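Enquirer:
Structure (C-alpha coordinates):
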(Lines of atoms letter the chains of each structure in order from A; the text may use other names.)
(Lines give C-alpha, C1' and ligand atoms only; values in the text may rest on other atoms or scores of the structure.)
Protein backbone atom coordinates (compact mmCIF):
# COMPACT_ATOMS: atom_id res chain seq x y z
CA UNK A 1 0.00 0.00 0.00
CA UNK A 2 2.80 2.39 0.89
CA UNK A 3 4.55 1.59 -2.41
CA UNK A 4 1.41 2.41 -4.39
CA UNK A 5 1.03 5.69 -2.53
CA UNK A 6 4.67 6.61 -3.00
CA UNK A 7 4.45 5.99 -6.73
CA UNK A 8 1.21 7.97 -7.00
CA UNK A 9 2.79 10.86 -5.13
CA UNK A 10 5.55 11.11 -7.73
CA UNK A 11 3.14 11.41 -10.65
CA UNK A 12 2.98 14.71 -12.44
CA UNK A 13 1.33 15.95 -15.60
CA UNK A 14 4.59 15.13 -17.37
CA UNK A 15 4.71 11.51 -16.09
CA UNK A 16 4.64 8.98 -18.89
CA UNK A 17 1.66 6.72 -19.45
CA UNK A 18 3.61 3.63 -18.36
CA UNK A 19 4.34 5.11 -14.93
CA UNK A 20 0.72 6.18 -14.49
CA UNK A 21 -0.51 2.70 -15.39
CA UNK A 22 1.99 1.10 -13.03
CA UNK A 23 0.79 3.30 -10.15
CA UNK A 24 -2.82 2.47 -10.93
CA UNK A 25 -2.15 -1.27 -11.12
CA UNK A 26 -0.24 -1.25 -7.83
CA UNK A 27 -3.11 0.49 -6.08
CA UNK A 28 -5.72 -1.80 -7.67
CA UNK A 29 -3.78 -4.96 -6.78
CA UNK A 30 -3.37 -3.79 -3.19
CA UNK A 31 -7.05 -2.99 -2.86
CA UNK A 32 -8.12 -6.33 -4.35
CA UNK A 33 -5.92 -8.15 -1.84
CA UNK A 34 -7.16 -6.05 1.09
CA UNK A 35 -10.78 -6.61 0.07
CA UNK A 36 -10.25 -10.34 0.49
CA UNK A 37 -8.82 -10.11 4.00
CA UNK A 38 -11.16 -11.26 6.76
CA UNK A 39 -10.15 -8.82 9.50
CA UNK A 40 -10.62 -9.63 13.17
CA UNK A 41 -10.11 -7.08 15.97
CA UNK A 42 -6.44 -8.01 16.37
CA UNK A 43 -5.71 -7.91 12.64
CA UNK A 44 -7.52 -4.59 12.23
CA UNK A 45 -5.50 -3.18 15.13
CA UNK A 46 -2.21 -4.35 13.63
CA UNK A 47 -3.17 -2.99 10.19
CA UNK A 48 -4.15 0.34 11.74
CA UNK A 49 -1.10 0.69 13.98
CA UNK A 50 1.20 -0.18 11.08
CA UNK A 51 0.11 2.91 9.12
CA UNK A 52 -2.24 0.84 6.95
CA UNK A 53 -5.32 2.85 7.82
CA UNK A 54 -3.58 6.19 7.25
CA UNK A 55 -2.33 4.89 3.91
CA UNK A 56 -5.83 3.77 2.99
CA UNK A 57 -7.18 7.22 3.81
CA UNK A 58 -4.44 8.79 1.66
CA UNK A 59 -5.36 6.47 -1.20
CA UNK A 60 -9.00 7.52 -0.82
CA UNK A 61 -8.03 11.19 -0.99
CA UNK A 62 -5.73 10.69 -3.98
CA UNK A 63 -8.40 8.82 -5.94
CA UNK A 64 -11.58 10.54 -4.74
CA UNK A 65 -12.79 11.05 -8.32
CA UNK A 66 -12.48 7.36 -9.23
CA UNK A 67 -15.73 5.74 -8.12
CA UNK A 68 -14.37 2.18 -8.38
CA UNK A 69 -11.41 2.96 -6.13
CA UNK A 70 -13.64 4.85 -3.70
CA UNK A 71 -16.02 1.86 -3.54
CA UNK A 72 -13.14 -0.52 -2.82
CA UNK A 73 -11.59 1.71 -0.17
CA UNK A 74 -14.88 2.40 1.65
CA UNK A 75 -15.72 -1.30 1.60
CA UNK A 76 -12.32 -2.16 3.11
CA UNK A 77 -12.73 0.60 5.72
CA UNK A 78 -16.13 -0.81 6.65
CA UNK A 79 -14.75 -4.32 7.07
CA UNK A 80 -11.94 -3.02 9.29
CA UNK A 81 -14.26 -0.91 11.42
CA UNK A 82 -16.88 -3.67 11.76
CA UNK A 83 -14.60 -5.65 14.10
CA UNK A 84 -14.46 -2.86 16.69
CA UNK A 85 -10.73 -2.36 16.98
CA UNK A 86 -10.06 0.52 19.40
CA UNK A 87 -6.82 1.35 17.55
CA UNK A 88 -8.59 1.57 14.18
CA UNK A 89 -11.50 3.54 15.66
CA UNK A 90 -9.14 6.09 17.19
CA UNK A 91 -7.47 6.65 13.81
CA UNK A 92 -10.73 7.02 11.88
CA UNK A 93 -12.09 9.30 14.62
CA UNK A 94 -9.30 11.80 13.95
CA UNK A 95 -11.11 14.91 12.65
CA UNK A 96 -9.34 14.87 9.26
CA UNK A 97 -10.18 11.20 8.68
CA UNK A 98 -13.79 11.46 9.82
CA UNK A 99 -14.17 14.58 7.69
CA UNK A 100 -12.93 12.57 4.70
CA UNK A 101 -15.49 9.82 5.41
CA UNK A 102 -18.31 12.37 5.68
CA UNK A 103 -17.05 14.19 2.59
CA UNK A 104 -17.03 10.92 0.64
CA UNK A 105 -20.58 10.16 1.79
CA UNK A 106 -21.72 13.58 0.56
CA UNK A 107 -19.76 13.48 -2.71
CA UNK A 108 -21.12 10.04 -3.58
CA UNK A 109 -24.65 10.59 -2.27
CA UNK A 110 -26.06 8.93 -5.39
CA UNK A 111 -23.95 5.77 -4.97
CA UNK A 112 -25.87 3.71 -2.43
CA UNK A 113 -23.10 1.13 -1.68
CA UNK A 114 -20.58 3.89 -0.93
CA UNK A 115 -23.11 5.76 1.21
CA UNK A 116 -23.88 2.58 3.16
CA UNK A 117 -20.17 1.86 3.71
CA UNK A 118 -19.50 5.42 4.92
CA UNK A 119 -22.53 5.38 7.23
CA UNK A 120 -21.37 2.10 8.75
CA UNK A 121 -17.80 3.35 9.17
CA UNK A 122 -19.21 6.31 11.08
CA UNK A 123 -21.50 4.12 13.20
CA UNK A 124 -18.85 1.52 14.01
CA UNK A 125 -16.39 4.28 14.96
CA UNK A 126 -18.90 6.01 17.24
CA UNK A 127 -19.86 2.70 18.85
CA UNK A 128 -16.23 2.11 19.87
CA UNK A 129 -15.13 5.65 20.73
CA UNK A 130 -18.38 7.08 22.05
CA UNK A 131 -19.98 10.24 20.73
CA UNK A 132 -17.43 12.71 22.05
CA UNK A 133 -14.45 10.78 20.74
CA UNK A 134 -15.91 9.85 17.35
CA UNK A 135 -14.91 12.91 15.34
CA UNK A 136 -18.50 13.14 14.08
CA UNK A 137 -19.94 16.63 14.10
CA UNK A 138 -23.40 18.03 13.31
CA UNK A 139 -22.56 18.19 9.61
CA UNK A 140 -21.75 14.48 9.64
CA UNK A 141 -24.97 13.66 11.44
CA UNK A 142 -26.96 15.72 8.93
CA UNK A 143 -25.27 13.96 6.01
CA UNK A 144 -25.96 10.48 7.36
CA UNK A 145 -29.53 11.42 8.30
CA UNK A 146 -30.07 12.67 4.74
CA UNK A 147 -28.77 9.34 3.47
CA UNK A 148 -31.39 7.48 5.50
CA UNK A 149 -34.09 9.65 3.93
CA UNK A 150 -32.66 9.09 0.44
CA UNK A 151 -32.38 5.31 0.93
CA UNK A 152 -35.17 4.34 3.36
CA UNK A 153 -35.18 0.69 2.30
CA UNK A 154 -31.44 0.14 2.86
CA UNK A 155 -31.09 -1.84 6.07
CA UNK A 156 -27.38 -1.10 6.42
CA UNK A 157 -27.97 2.64 6.33
CA UNK A 158 -31.00 2.40 8.67
CA UNK A 159 -29.02 0.36 11.20
CA UNK A 160 -26.02 2.71 11.00
CA UNK A 161 -28.23 5.75 11.55
CA UNK A 162 -29.92 4.05 14.52
CA UNK A 163 -26.52 3.33 16.10
CA UNK A 164 -25.38 6.90 15.47
CA UNK A 165 -28.55 8.42 16.91
CA UNK A 166 -28.23 6.29 20.04
CA UNK A 167 -24.51 6.95 20.56
CA UNK A 168 -24.51 10.59 19.53
CA UNK A 169 -27.65 11.61 21.44
CA UNK A 170 -25.59 12.59 24.48
CA UNK A 171 -23.32 14.79 22.36
CA UNK A 172 -26.06 16.62 20.48
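Residue numbers (the numbering used here): 1 to 172.
By construction, the Cβ of each residue, glycine as well, lies at the ideal position given by its N, Cα and C atoms.
All figures in this text were calculated on a predicted structure; none of them were measured in a lab.
Note down the Cα distance separating residue 138 from residue 105, rounded to an integer number of angstroms.
Expert: Taking the straight line joining both Cα atoms gives about 14 Å.
Enquirer: Helix, strand or coil: which one does DSSP assign to residue 63?
Expert: It is coil, neither helix nor strand.
Enquirer: Less than 8 Å between the beta carbons of residue 44 and residue 88, yes or no?
Expert: Yes. Within cutoff.
Enquirer: With distance defined between alpha-carbon atoms, name the residue in 64, 50, 76, 108 nearest to residue 31.
Expert: Selected option, being the one with the closest Cα: 76.
Enquirer: With DSSP run on the structure shown, which of helix, strand or coil describes residue 86?
Expert: Three-state DSSP puts residue 86 in a helix.
Enquirer: Taking DSSP as the reference, what is the three-state secondary structure of residue 152?
Expert: Looking at residue 152 - three-state DSSP - the assignment turns out to be coil, as it is neither helix nor strand.
Enquirer: Could you check if residue 97 is buried or exposed, using at least 16 other CB atoms within 10 Å of its CB as the buried criterion?
Expert: It counts as buried.
Enquirer: So, for residue 95: in the same chain, excluding its five sequence neighbours on each side, which residues have a beta-carbon less than 8 Å away from its beta-carbon?
Expert: Cβ within range, chain order: 135.
Enquirer: Keeping to the same chain, check which residues put their C-beta closer than 6 Å to that of residue 157; ignore five residues upstream and five downstream.
Expert: Contacts found: 116, 119, 147, 148, 151.
Enquirer: Taking the alpha helix (DSSP H) that residue 114 falls in, what are its first and last residues?
Expert: From DSSP, the alpha helix (DSSP H) with residue 114 extends over 112-129.
Enquirer: Since residue 47 is in the alpha helix (DSSP H), which residue starts that stretch and which ends it?
Expert: From DSSP, the alpha helix (DSSP H) with residue 47 extends over 41-49.
Enquirer: So is residue 21 buried or exposed if we call it buried at 16+ other beta carbons inside 10 Å?
Expert: So residue 21 counts as exposed.
Enquirer: With distances taken from CA atoms, which of 52, 36, 26 is nearest residue 92?
Expert: Closest option to residue 92, Cα to Cα, is 52.
Enquirer: Hey, how far is the Cα of residue 163 from the Cα of residue 132?
Expert: Distance between the alpha carbons of residue 163 and residue 132: 14 Å.
Enquirer: Quick one: what does DSSP say residue 142 is sitting in, helix, strand or coil?
Expert: It is helical.
Enquirer: Taking residue 34 as the reference, which of 72, 19, 63 has the closest Cα?
Expert: With distances taken between Cα atoms, residue 34 lies closest to 72.
Enquirer: Alpha carbon to alpha carbon, how far is residue 114 from residue 27? Give it in angstroms, no decimals.
Expert: Whole-angstrom Cα-Cα distance: 19 Å.
Enquirer: Could you give the DSSP three-state label for residue 106: helix, strand or coil?
Expert: If DSSP states are grouped into helix, strand and coil, residue 106 belongs with the helices.
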